[in-house]
Amino acid sequence: MSFQPSNFSDFSTNFSLPSGSASLHQSFTDHDIAGLELSELMKNRHVADLYTELRRTSAQVVKLSDVQTELMQVMQENKQLTQELQALKSEKSRSPSFVSTSTLMPSDSVSHRGGTISQDSSIVSPPVPKKTYPFTVLWNKEDCKKDDDVHITVANPERIPMDQAVRHENGDLISSAEWHAIQTTARVVKNELLSLPPPRDCQYRNIKRTKKVFKAAYPREWEAAMLKMEKQQPLLALCSDHWKAEYIIGPMLLQQHKPDSELDNDDDDVSHVSTSATNTRASEHGEISASMASQVSVANKRRHVHSTSSSKPKKKPVAGVVSQHAEGRTSGPVATPALEPQLSLTSAPVTMPVEPQLSAIGNILAQVPSAPPSVVASVISPSVSGLTVKSAIDISFINVDPSIENLIDALSSSHPDLISGLELLNSMKLTPVFDISSPTSEVITFIERIENADPNSPDLSEDNLGTVWGHYQFTAGSMTSSSTLVSWDGIGSEAARRLIATTIKTCKVARHVCFVSGIKTNTYLSDAYLEMTVEILWRLWKAAGGPVVKGKGKAFTSSDSRTMSTADAITSIPDSSAATLTPSATTLVNVSQPSANTGLSMNSDSCPSNSSGSGKPMANSNSDPRAYITSLNRDELFEWIIDRKLAVNMKLGKKSSSIKKDKLVSIILSAEATAQPSKAEVDVIVQQRKLKKMATSRV
1 MSFQPSNFSD
11 FSTNFSLPSG
21 SASLHQSFTD
31 HDIAGLELSE
41 LMKNRHVADL
51 YTELRRTSAQ
61 VVKLSDVQTE
71 LMQVMQENKQ
81 LTQELQALKS
91 EKSRSPSFVS
101 TSTLMPSDSV
111 SHRGGTISQD
121 SSIVSPPVPK
131 KTYPFTVLWN
141 KEDCKKDDDV
151 HITVANPERI
161 PMDQAVRHEN
171 GDLISSAEWH
181 AIQTTARVVK
191 NELLSLPPPR
201 DCQYRNIKRT
211 KKVFKAAYPR
221 EWEAAMLKME
231 KQQPLLALCS
241 DHWKAEYIIG
251 PMLLQQHKPD
261 SELDNDDDDV
271 SHVSTSATNT
281 RASEHGEISA
291 SMASQVSVAN
301 KRRHVHSTSS
311 SKPKKKPVAG
321 VVSQHAEGRT
331 SGPVATPALE
341 PQLSLTSAPV
351 TMPVEPQLSA
361 IGNILAQVPS
371 APPSVVASVI
381 SPSVSGLTVK
391 SAIDISFINV
401 DPSIENLIDA
411 LSSSHPDLIS
421 GLELLNSMKL
431 TPVFDISSPT
441 SEVITFIERI
451 ENADPNSPDL
461 SEDNLGTVWG
471 HYQFTAGSMT
481 SSSTLVSWDG
491 IGSEAARRLI
501 ATTIKTCKVA
511 RHVCFVSGIK
521 TNTYLSDAYL
531 EMTVEILWRL
541 WKAAGGPVVK
551 GKGKAFTSSD
561 SRTMSTADAI
571 TSIPDSSAAT
581 LTPSATTLVN
591 VSQPSANTGL
601 SMNSDSCPSN
611 SSGSGKPMAN
621 SNSDPRAYIT
631 SLNRDELFEW
641 IIDRKLAVNM
651 KLGKKSSSIK
661 KDKLVSIILS
671 AEATAQPSKA
681 EVDVIVQQRK
691 LKKMATSRV
């Protein structure tokens, strides 16, 4: 039942600002408010307070659910221990010589045995016979180079994409869910390895614990870790000498070199409850009774008795425990309830049974108002998918309208140096009926992959986040900008606008991700992909005979019979369109009588002119092709030639040392213009090389 003051109408949203701000008085309608973005609404103090309160309440719900889950686990563990104790008593009664050597604890249950890396030297790798397995299982590491489904780059032939190398027994590729499960297992084993005590050999104590160090300093523990991975993920055992498990956990050891105890201080995994974490949460919010907290504290102490040298794998929270309290509730102003009694953690003995405690937790959860479903999802979903609440990044408010006018404004304001993109959009704006081609299925798939990219996805590695956001979207698999965007007939104007819009969105998301993550940088790889995308589209537009709107004093040209005449083009331009052109398209000269020299030449006019009207091309797009192609190293040139099959009549051999760099450059320059890399594509390749070098130097 909602309350509504009598002096307000049902649909009125008019309000007055405080006195002293008469000049700022403004009346907002429902339409005005609905059109505002979240960033604008957050400028209002009341909206900001409301949003903060909703997030705080949702976090409390998650934390309370965490405690409830932990108590349920304790109850199940106690039940199992009771059964084991009864079995031991029965055995003792039958065997008088039975003597108990230790106190039975939760960590001694069957469910906890074998949870850490064993250091027993008697461990022997279970033989996995190669027998009837097909070649596509990739039993040996060298088999990957002969398999077409494993995409190994020429620039880095030792880097094997393991999501493509791990196979089923019949040689089929694994699914993304199976790959995510394998990664989760590898992270658990990695944390156990990092928590091992310092090695006895002094030469390995003050260096980073890489795969090579572990194999030398901890040979038994390393062997046990590989066996554990293969036991929990049997598909990893389908190889020789554990090479698949080693190739998966090796890069993970390079990413983080902190023991699990330090990671817990930085991690906000709500499913991992320690004694100190429980104390902190309870002292700040006071949601749990002293007996409940004491129960959790005692349970945690018992659970961690056996793990002094290795950390316990973290468990994911159950999403249903929280979501069932959020269903069917309406959004609105939320006030944090005063949950009594407030908690004063002590070491008092536990006298309260578990079942009443769970009931009390349920009553507390029932009192907590629910945040809107979108807010709850943004807090809970990351934990379910393997991320922590702290790392969840909201990008739902970042959208780019694919209309011509909006794209021109976006490029003019955020990327004014992309003259080719502005001239492409201006040309498309002036000739909307030039082309009505339908995009191919590959182009649609390529665009959708970029549109649906989510920085919170567990399938993305750290190599594809932060400043390099966009790398996966534009390079995953065999689908890249160069291989997908091959002709304007297979793209069309509508799909081109959609592609430019989602690429601009990628640039915005990259900046937002870096801002939220605290990364300070002025260089984003997504900007290079945006430049490369518009360069390719601009080149394909002109190759298809699309009319070209040049700079001031230039003609409106065309080189294809499909293009309407310039007279028809200019008469079909609405006055409103002509008024909104950017400076590079404001003047159209000699439209009614184009000269014979206005035809499009891909060699002389393959790059856009600048907006100054001087007729001088932009340096970044009209440089000598040999000059910027030469900036690629030999491996990059070789890979470009192989991917585009530019030397089908030559026996290059794999990275043949007999071919010099100048010869490779000549092969590329002798190919058709559409097969040669643009300046933007070269810049992307060079920037990727620099990023890889920086990542290697940090390791």
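Position 632, counted from 1, in the sequence shown is what the working numbering calls 632; the numbers after and before it change by one each time, with no gaps.
Beta carbons are placed, not taken as given, at the ideal position from N, Cα and C, and that holds for glycine.
Closer than 7 Å by C-beta to residue i: which residues in its own chain qualify, once you throw out the five before and the five after it? Chain order, please.
i	result
residue 460	472
residue 513	393, 455, 465, 466 and 469
residue 424	534, 537, 538 and 541
residue 573	Because residue 573 sits at a pLDDT of 41, beneath the cut-off of 50, its placement in the model cannot be relied upon, and the following sentence gives the value as read from the coordinates. Correct list, in chain order: 430.
residue 416	none
residue 155	635, 636 and 639
residue 218	196 and 199
Which residue's Cα is closest to the Cα of residue i: the options?
i	options	result
residue 498	439, 169, 89 and 643	439
residue 254	70, 213, 229 and 243	213
residue 549	421, 636, 195 and 205	421
residue 674	663, 542, 40 and 509	542
residue 442	489, 222, 628 and 685	489
residue 521	691, 50, 39 and 671	691
residue 638	667, 425 and 198	667
residue 429	416, 409 and 444	409
residue 642	478, 159 and 161	478
residue 162	192, 401, 395 and 180	180
residue 400	452, 457 and 500	500
residue 684	676, 532 and 670	532
residue 644	626, 134, 630 and 672	672
residue 504	402, 90, 419 and 480	402
residue 133	475, 146, 527 and 172	172
Please list the terminal residues of the continuous alpha helix (DSSP H) segment that includes residue i.
i	result
residue 628	625 to 629
residue 212	211 to 217
residue 250	243 to 255
residue 532	525 to 543
residue 139	Element bounds for residue 139: n/a, residue is neither H nor E.
residue 640	634 to 644
residue 449	441 to 451
residue 461	Neither: residue 461 is in no alpha helix (DSSP H) and is coded neither H nor E.
residue 421	419 to 430
residue 512	492 to 517
residue 471	471 to 475
residue 410	404 to 414
residue 484	481 to 484
Please classify residue i as buried or exposed, where buried requires at least 16 other C-beta atoms within 10 Å of its C-beta.
i	result
residue 518	exposed
residue 167	buried
residue 434	buried
residue 234	exposed
residue 244	buried
residue 495	buried
residue 446	buried
residue 230	buried
residue 157	exposed
residue 523	exposed
residue 33	exposed
residue 48	exposed
residue 450	buried
residue 209	buried
Residue i bridges to which residues according to DSSP?
i	result
residue 173	167
Between which residues of its own chain and residue i is the CB-CB distance below 6 Å, once the five residues before and five after are set aside?
i	result
residue 603	Confidence is the limiting factor: at residue 603 the pLDDT is only 36, short of 50, which leaves the residue's position unreliable and the question unanswerable from this model.
residue 211	250 and 253
residue 141	243
residue 628	679 and 682
residue 693	none
residue 661	634
residue 313	Caution is warranted here: a pLDDT of 40 is assigned to residue 313, below 50, making its placement in the model unreliable, and the coordinate value is therefore given only provisionally. The answer, listed in chain order, is 188.
residue 414	none
Cβ-heavy atom distance between residue i and the ligand NAP below 7 Å?
i	result
residue 496	By its list of ligands, the structure shown contains no ligand whatsoever, and the ligand NAP lies outside what it can speak to.
Short of 8 Å in beta carbon distance, which residues of its chain neighbour residue i, apart from the five on each side in sequence? Order them along the chain.
i	result
residue 160	141, 144, 150, 152 and 247
residue 87	none
residue 630	661 and 665
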